[in-house]
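Numbering (UniProt numbering), first residue to last: 1 to 358.
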(Lines of atoms letter the chains of each structure in order from A and count residues from 1; the text may use other names and numbers.)
(Lines give C-alpha, C1' and ligand atoms only; values in the text may rest on other atoms or scores of the structure.)
Protein backbone atom coordinates (compact mmCIF):
# COMPACT_ATOMS: atom_id res chain seq x y z
CA UNK A 1 0.00 0.00 0.00
CA UNK A 2 1.24 3.49 -0.80
CA UNK A 3 2.45 5.76 1.97
CA UNK A 4 0.39 8.73 3.12
CA UNK A 5 3.51 10.76 3.96
CA UNK A 6 6.56 11.00 1.70
CA UNK A 7 10.14 11.45 2.94
CA UNK A 8 10.38 14.63 0.86
CA UNK A 9 8.86 17.80 2.28
CA UNK A 10 6.02 19.36 0.25
CA UNK A 11 6.10 16.58 -2.36
CA UNK A 12 2.78 15.58 -3.88
CA UNK A 13 2.61 11.78 -4.08
CA UNK A 14 2.94 10.40 -7.59
CA UNK A 15 -0.29 10.17 -9.57
CA UNK A 16 -1.11 9.77 -13.25
CA UNK A 17 -0.66 13.47 -14.01
CA UNK A 18 2.38 14.82 -12.12
CA UNK A 19 5.24 12.54 -13.23
CA UNK A 20 7.56 15.27 -14.56
CA UNK A 21 7.63 17.38 -11.40
CA UNK A 22 7.56 14.29 -9.16
CA UNK A 23 10.52 12.65 -10.92
CA UNK A 24 12.52 15.88 -10.68
CA UNK A 25 11.99 16.24 -6.94
CA UNK A 26 12.61 12.56 -6.20
CA UNK A 27 15.81 12.59 -8.26
CA UNK A 28 17.03 15.63 -6.31
CA UNK A 29 16.30 13.79 -3.06
CA UNK A 30 18.10 10.63 -4.19
CA UNK A 31 21.07 12.68 -5.36
CA UNK A 32 21.21 14.48 -2.04
CA UNK A 33 21.04 11.13 -0.22
CA UNK A 34 23.84 9.85 -2.48
CA UNK A 35 21.87 6.83 -3.71
CA UNK A 36 20.98 7.98 -7.24
CA UNK A 37 23.79 5.85 -8.66
CA UNK A 38 21.85 2.64 -8.03
CA UNK A 39 18.91 4.02 -10.01
CA UNK A 40 20.79 5.00 -13.15
CA UNK A 41 23.39 2.22 -13.04
CA UNK A 42 24.28 0.96 -16.53
CA UNK A 43 25.78 -2.27 -15.25
CA UNK A 44 24.52 -5.35 -13.45
CA UNK A 45 24.25 -4.93 -9.66
CA UNK A 46 27.03 -6.64 -7.71
CA UNK A 47 26.58 -10.17 -6.39
CA UNK A 48 27.85 -11.55 -3.05
CA UNK A 49 30.58 -13.43 -4.87
CA UNK A 50 31.83 -10.13 -6.35
CA UNK A 51 32.82 -8.98 -2.88
CA UNK A 52 30.85 -8.88 0.36
CA UNK A 53 31.56 -5.21 1.11
CA UNK A 54 30.56 -4.02 -2.37
CA UNK A 55 27.41 -6.14 -2.36
CA UNK A 56 26.34 -4.97 1.11
CA UNK A 57 26.89 -1.31 0.13
CA UNK A 58 24.77 -1.76 -3.02
CA UNK A 59 22.05 -3.62 -1.11
CA UNK A 60 21.83 -0.84 1.48
CA UNK A 61 21.68 1.94 -1.14
CA UNK A 62 19.19 0.00 -3.26
CA UNK A 63 16.91 -0.51 -0.27
CA UNK A 64 17.13 3.17 0.65
CA UNK A 65 16.35 4.35 -2.90
CA UNK A 66 13.58 1.79 -3.43
CA UNK A 67 11.93 2.72 -0.14
CA UNK A 68 11.98 6.41 -1.10
CA UNK A 69 10.45 5.69 -4.52
CA UNK A 70 7.75 3.45 -3.05
CA UNK A 71 6.77 5.87 -0.29
CA UNK A 72 6.49 8.71 -2.80
CA UNK A 73 3.89 6.84 -4.88
CA UNK A 74 0.16 7.39 -4.52
CA UNK A 75 -2.49 4.67 -4.27
CA UNK A 76 -3.05 4.66 -8.04
CA UNK A 77 0.64 4.40 -8.98
CA UNK A 78 2.10 2.13 -6.30
CA UNK A 79 0.64 -1.02 -7.97
CA UNK A 80 2.86 -0.28 -11.00
CA UNK A 81 5.98 -1.16 -9.02
CA UNK A 82 4.53 -3.55 -6.46
CA UNK A 83 6.78 -6.60 -6.24
CA UNK A 84 9.79 -4.96 -7.91
CA UNK A 85 12.93 -5.44 -5.86
CA UNK A 86 15.42 -2.97 -7.37
CA UNK A 87 15.24 0.81 -7.37
CA UNK A 88 16.40 0.95 -11.00
CA UNK A 89 13.64 -1.36 -12.25
CA UNK A 90 11.02 0.55 -10.24
CA UNK A 91 12.18 3.93 -11.56
CA UNK A 92 12.29 2.68 -15.14
CA UNK A 93 8.86 1.08 -14.91
CA UNK A 94 7.32 4.32 -13.62
CA UNK A 95 8.99 6.25 -16.45
CA UNK A 96 7.66 3.77 -18.99
CA UNK A 97 4.12 3.97 -17.66
CA UNK A 98 3.82 7.64 -16.73
CA UNK A 99 6.29 9.75 -18.71
CA UNK A 100 4.32 12.31 -20.80
CA UNK A 101 3.49 11.64 -24.43
CA UNK A 102 6.17 13.96 -25.85
CA UNK A 103 8.60 11.09 -25.31
CA UNK A 104 6.35 8.29 -26.51
CA UNK A 105 8.82 7.44 -29.23
CA UNK A 106 11.24 6.25 -26.55
CA UNK A 107 8.81 3.64 -25.25
CA UNK A 108 8.90 0.07 -26.59
CA UNK A 109 5.91 -1.22 -28.50
CA UNK A 110 3.33 -3.34 -26.67
CA UNK A 111 4.83 -6.49 -28.11
CA UNK A 112 8.25 -5.53 -26.79
CA UNK A 113 7.13 -4.16 -23.42
CA UNK A 114 9.56 -4.94 -20.64
CA UNK A 115 8.29 -6.43 -17.41
CA UNK A 116 9.77 -6.17 -13.91
CA UNK A 117 11.03 -9.74 -14.22
CA UNK A 118 13.10 -8.94 -17.30
CA UNK A 119 16.86 -8.84 -16.90
CA UNK A 120 18.75 -5.67 -16.09
CA UNK A 121 20.19 -5.90 -19.59
CA UNK A 122 16.71 -5.44 -20.98
CA UNK A 123 16.29 -2.22 -19.06
CA UNK A 124 19.69 -1.01 -20.21
CA UNK A 125 18.77 -1.65 -23.84
CA UNK A 126 15.52 0.25 -23.33
CA UNK A 127 17.38 3.41 -22.41
CA UNK A 128 20.52 3.12 -24.49
CA UNK A 129 19.17 2.02 -27.86
CA UNK A 130 19.98 5.49 -29.22
CA UNK A 131 23.53 5.57 -27.86
CA UNK A 132 26.30 5.92 -30.43
CA UNK A 133 28.74 3.08 -29.80
CA UNK A 134 31.49 5.17 -31.37
CA UNK A 135 31.86 7.00 -28.05
CA UNK A 136 31.77 3.93 -25.82
CA UNK A 137 35.58 3.93 -25.33
CA UNK A 138 35.32 7.40 -23.75
CA UNK A 139 32.65 6.37 -21.26
CA UNK A 140 34.43 3.10 -20.56
CA UNK A 141 37.52 5.15 -19.69
CA UNK A 142 35.48 7.35 -17.36
CA UNK A 143 33.99 4.29 -15.70
CA UNK A 144 37.51 3.03 -15.00
CA UNK A 145 38.68 6.46 -13.87
CA UNK A 146 41.37 6.43 -16.57
CA UNK A 147 41.91 10.08 -17.54
CA UNK A 148 44.84 9.35 -19.88
CA UNK A 149 42.70 7.05 -22.02
CA UNK A 150 39.79 9.50 -21.93
CA UNK A 151 42.02 12.42 -22.95
CA UNK A 152 43.53 10.39 -25.79
CA UNK A 153 40.04 9.64 -27.12
CA UNK A 154 38.95 13.28 -26.81
CA UNK A 155 42.06 14.41 -28.69
CA UNK A 156 41.13 12.08 -31.56
CA UNK A 157 37.43 12.96 -31.42
CA UNK A 158 37.04 16.56 -30.13
CA UNK A 159 33.27 16.45 -30.66
CA UNK A 160 33.03 13.73 -28.00
CA UNK A 161 33.52 16.40 -25.35
CA UNK A 162 29.98 17.68 -25.91
CA UNK A 163 28.41 14.43 -27.12
CA UNK A 164 25.42 13.47 -24.97
CA UNK A 165 26.17 9.83 -24.28
CA UNK A 166 26.30 9.52 -20.50
CA UNK A 167 24.05 7.23 -18.50
CA UNK A 168 21.61 10.14 -18.04
CA UNK A 169 21.90 11.44 -21.60
CA UNK A 170 24.45 14.07 -20.66
CA UNK A 171 28.06 14.77 -21.55
CA UNK A 172 31.28 13.20 -20.34
CA UNK A 173 31.28 15.93 -17.67
CA UNK A 174 27.90 14.72 -16.41
CA UNK A 175 29.28 11.18 -16.23
CA UNK A 176 32.45 12.15 -14.37
CA UNK A 177 30.45 14.17 -11.84
CA UNK A 178 28.00 11.32 -11.29
CA UNK A 179 30.99 9.08 -10.54
CA UNK A 180 32.57 11.75 -8.29
CA UNK A 181 35.84 11.65 -10.23
CA UNK A 182 37.00 15.07 -9.08
CA UNK A 183 40.38 15.08 -10.84
CA UNK A 184 38.81 14.08 -14.16
CA UNK A 185 36.08 16.70 -13.75
CA UNK A 186 38.70 19.42 -13.30
CA UNK A 187 40.56 18.23 -16.41
CA UNK A 188 37.36 18.19 -18.47
CA UNK A 189 36.53 21.72 -17.33
CA UNK A 190 39.85 22.93 -18.73
CA UNK A 191 38.82 21.66 -22.18
CA UNK A 192 35.24 22.94 -22.20
CA UNK A 193 33.82 26.34 -23.12
CA UNK A 194 31.36 28.42 -21.10
CA UNK A 195 28.52 27.27 -23.35
CA UNK A 196 29.48 23.61 -22.94
CA UNK A 197 28.65 23.87 -19.23
CA UNK A 198 25.04 24.72 -20.09
CA UNK A 199 24.37 21.44 -21.93
CA UNK A 200 21.50 19.51 -20.35
CA UNK A 201 20.92 15.78 -20.00
CA UNK A 202 17.67 13.94 -20.74
CA UNK A 203 16.19 15.21 -17.46
CA UNK A 204 16.97 18.83 -18.31
CA UNK A 205 19.82 18.95 -15.77
CA UNK A 206 23.16 20.61 -16.39
CA UNK A 207 26.33 19.06 -14.98
CA UNK A 208 26.40 22.05 -12.62
CA UNK A 209 23.05 21.02 -11.18
CA UNK A 210 24.28 17.49 -10.52
CA UNK A 211 27.47 18.74 -8.86
CA UNK A 212 25.40 21.03 -6.64
CA UNK A 213 23.04 18.23 -5.60
CA UNK A 214 25.97 16.00 -4.71
CA UNK A 215 27.52 18.74 -2.57
CA UNK A 216 30.71 18.98 -4.64
CA UNK A 217 31.73 22.45 -3.45
CA UNK A 218 35.04 22.81 -5.29
CA UNK A 219 33.53 21.63 -8.58
CA UNK A 220 30.60 24.04 -8.21
CA UNK A 221 33.04 26.88 -7.59
CA UNK A 222 35.20 25.94 -10.59
CA UNK A 223 32.17 25.80 -12.89
CA UNK A 224 30.80 29.15 -11.72
CA UNK A 225 34.18 30.81 -12.16
CA UNK A 226 34.19 29.53 -15.74
CA UNK A 227 30.57 30.50 -16.45
CA UNK A 228 28.97 33.11 -14.18
CA UNK A 229 25.60 32.56 -15.88
CA UNK A 230 25.18 29.29 -14.02
CA UNK A 231 24.21 31.07 -10.79
CA UNK A 232 21.12 32.55 -12.45
CA UNK A 233 20.01 29.49 -14.42
CA UNK A 234 16.90 28.31 -12.61
CA UNK A 235 16.43 24.58 -12.27
CA UNK A 236 13.77 22.86 -14.42
CA UNK A 237 11.05 22.07 -11.92
CA UNK A 238 7.67 23.58 -11.15
CA UNK A 239 9.05 26.39 -8.99
CA UNK A 240 12.21 27.11 -11.03
CA UNK A 241 14.34 27.86 -7.97
CA UNK A 242 17.72 29.57 -8.15
CA UNK A 243 20.86 27.49 -7.48
CA UNK A 244 21.60 29.30 -4.20
CA UNK A 245 18.14 28.50 -2.84
CA UNK A 246 18.42 24.88 -3.90
CA UNK A 247 21.81 24.56 -2.22
CA UNK A 248 20.36 26.06 0.95
CA UNK A 249 17.39 23.68 0.95
CA UNK A 250 19.70 20.69 0.45
CA UNK A 251 21.79 21.80 3.43
CA UNK A 252 24.96 22.47 1.44
CA UNK A 253 25.90 25.54 3.49
CA UNK A 254 29.34 26.09 1.99
CA UNK A 255 27.97 25.97 -1.55
CA UNK A 256 25.00 28.16 -0.63
CA UNK A 257 27.30 30.78 0.86
CA UNK A 258 29.53 30.76 -2.24
CA UNK A 259 26.58 30.98 -4.65
CA UNK A 260 24.99 33.77 -2.61
CA UNK A 261 28.17 35.82 -2.97
CA UNK A 262 28.00 35.36 -6.76
CA UNK A 263 24.26 35.81 -7.33
CA UNK A 264 23.13 39.33 -8.39
CA UNK A 265 20.97 40.72 -5.61
CA UNK A 266 18.09 41.58 -7.96
CA UNK A 267 17.70 37.89 -8.82
CA UNK A 268 16.70 37.25 -5.20
CA UNK A 269 14.82 40.46 -4.44
CA UNK A 270 13.04 41.33 -7.69
CA UNK A 271 12.89 38.35 -10.06
CA UNK A 272 9.98 35.95 -9.47
CA UNK A 273 8.46 38.56 -7.13
CA UNK A 274 11.29 38.05 -4.66
CA UNK A 275 10.14 34.54 -3.77
CA UNK A 276 13.63 33.06 -3.88
CA UNK A 277 14.95 35.71 -1.53
CA UNK A 278 12.05 35.26 0.89
CA UNK A 279 12.48 31.49 1.04
CA UNK A 280 16.24 31.86 1.34
CA UNK A 281 15.70 34.01 4.43
CA UNK A 282 13.29 31.47 5.90
CA UNK A 283 15.70 28.60 5.28
CA UNK A 284 18.47 30.60 6.92
CA UNK A 285 16.41 31.37 10.02
CA UNK A 286 15.94 27.71 10.90
CA UNK A 287 19.62 26.76 10.53
CA UNK A 288 22.25 28.70 12.45
CA UNK A 289 24.89 27.53 9.95
CA UNK A 290 23.16 29.62 7.28
CA UNK A 291 21.92 32.52 9.41
CA UNK A 292 24.49 34.93 7.95
CA UNK A 293 22.94 34.54 4.49
CA UNK A 294 19.45 35.49 5.63
CA UNK A 295 20.75 38.34 7.79
CA UNK A 296 22.77 39.79 4.91
CA UNK A 297 19.84 39.54 2.51
CA UNK A 298 17.51 41.28 4.96
CA UNK A 299 19.93 44.22 5.14
CA UNK A 300 19.62 44.60 1.36
CA UNK A 301 15.85 44.16 1.19
CA UNK A 302 13.93 44.34 4.51
CA UNK A 303 10.53 44.01 2.77
CA UNK A 304 11.32 40.38 1.96
CA UNK A 305 10.35 39.48 5.53
CA UNK A 306 6.70 39.88 4.44
CA UNK A 307 7.08 38.38 0.96
CA UNK A 308 5.32 35.08 0.32
CA UNK A 309 7.49 32.36 -1.17
CA UNK A 310 6.56 29.19 -3.03
CA UNK A 311 4.58 27.48 -0.26
CA UNK A 312 2.49 30.59 0.43
CA UNK A 313 4.29 31.47 3.68
CA UNK A 314 6.64 34.34 4.49
CA UNK A 315 9.83 34.67 6.55
CA UNK A 316 7.70 36.28 9.25
CA UNK A 317 5.68 33.05 9.49
CA UNK A 318 8.90 31.08 9.82
CA UNK A 319 10.18 33.43 12.52
CA UNK A 320 6.91 33.13 14.44
CA UNK A 321 7.41 29.38 14.51
CA UNK A 322 10.83 29.67 16.15
CA UNK A 323 9.98 29.66 19.86
CA UNK A 324 13.62 30.17 20.77
CA UNK A 325 13.54 33.55 19.04
CA UNK A 326 11.27 35.03 21.73
CA UNK A 327 11.80 35.32 25.51
CA UNK A 328 8.41 33.74 26.21
CA UNK A 329 9.31 30.73 24.09
CA UNK A 330 12.19 29.61 26.30
CA UNK A 331 11.51 30.35 29.98
CA UNK A 332 14.66 31.17 31.96
CA UNK A 333 15.40 30.80 35.64
CA UNK A 334 16.01 33.91 37.75
CA UNK A 335 19.79 33.67 37.63
CA UNK A 336 19.72 33.10 33.87
CA UNK A 337 17.57 36.19 33.34
CA UNK A 338 19.91 38.19 35.58
CA UNK A 339 22.95 37.15 33.50
CA UNK A 340 21.29 38.00 30.20
CA UNK A 341 20.02 41.33 31.50
CA UNK A 342 23.56 42.34 32.43
CA UNK A 343 25.23 41.30 29.18
CA UNK A 344 25.81 44.20 26.81
CA UNK A 345 25.89 43.01 23.21
CA UNK A 346 27.26 45.39 20.62
CA UNK A 347 25.26 45.71 17.41
CA UNK A 348 27.04 43.57 14.78
CA UNK A 349 28.59 45.40 11.88
CA UNK A 350 27.38 44.48 8.40
CA UNK A 351 30.08 42.35 6.77
CA UNK A 352 30.21 40.69 3.37
CA UNK A 353 29.63 36.95 3.13
CA UNK A 354 32.85 34.95 2.89
CA UNK A 355 32.80 33.49 -0.63
CA UNK A 356 35.77 31.17 -0.22
CA UNK A 357 35.23 27.48 -0.87
CA UNK A 358 37.47 25.25 1.21
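Note that CB positions come from ideal geometry on N, CA and C, so glycine has one too.
Rounded to the nearest angstrom, the Cβ distance from residue 88 to residue 38 is 6 Å, consistent with a contact under 8 Å.
Using a C-beta cut-off of 8 Å, the stretch 297-317 makes contact with the stretch 261-275, since at least three inter-stretch Cβ pairs fall below that distance.
Counting along the chain, the unbroken alpha helix (DSSP H) around residue 253 starts and ends at 253-262. Here residue 207 is near residue 170, since their CB atoms are less than 9 Å apart. Judged by their CB atoms, residue 141 and residue 185 are not nearer to each other than the 9 Å cut-off. Measuring C-alpha to C-alpha distances from residue 146 to each of 162, 187, 203, 77 identifies 187 as the nearest. In the DSSP assignment, residue 206 is bridged to 200. In the structure shown, residue 319 falls within a helical segment according to DSSP collapsed to helix, strand and coil. DSSP places residue 14 in the strand class (E or B) of the three-state scheme. Straight-line spacing of the CA atoms in residue 136 and residue 61 works out to 27 Å. Contact between residue 230 and residue 244 is ruled out by a C-beta separation of about 11 Å, above the 8 Å threshold. The distance from the Cβ of residue 32 to that of residue 248 is about 12 Å, inconsistent with a contact at the 8 Å cut-off.
Comparing alpha-carbon positions, the option among 97, 66, 182 lying closest to residue 216 turns out to be 182.
A distance below 6 Å between beta-carbons, with the five flanking residues on each side excluded, links residue 46 to the following residues of its chain, in chain order: 54, 55, 58.
With distances taken between CA atoms, residue 253 lies nearest to 218 out of 235, 234, 218.
Cβ neighbours of residue 307 within its own chain (closer than 8 Å, five residues either side excluded): 273, 274, 275, 277, 278, 314, 315.
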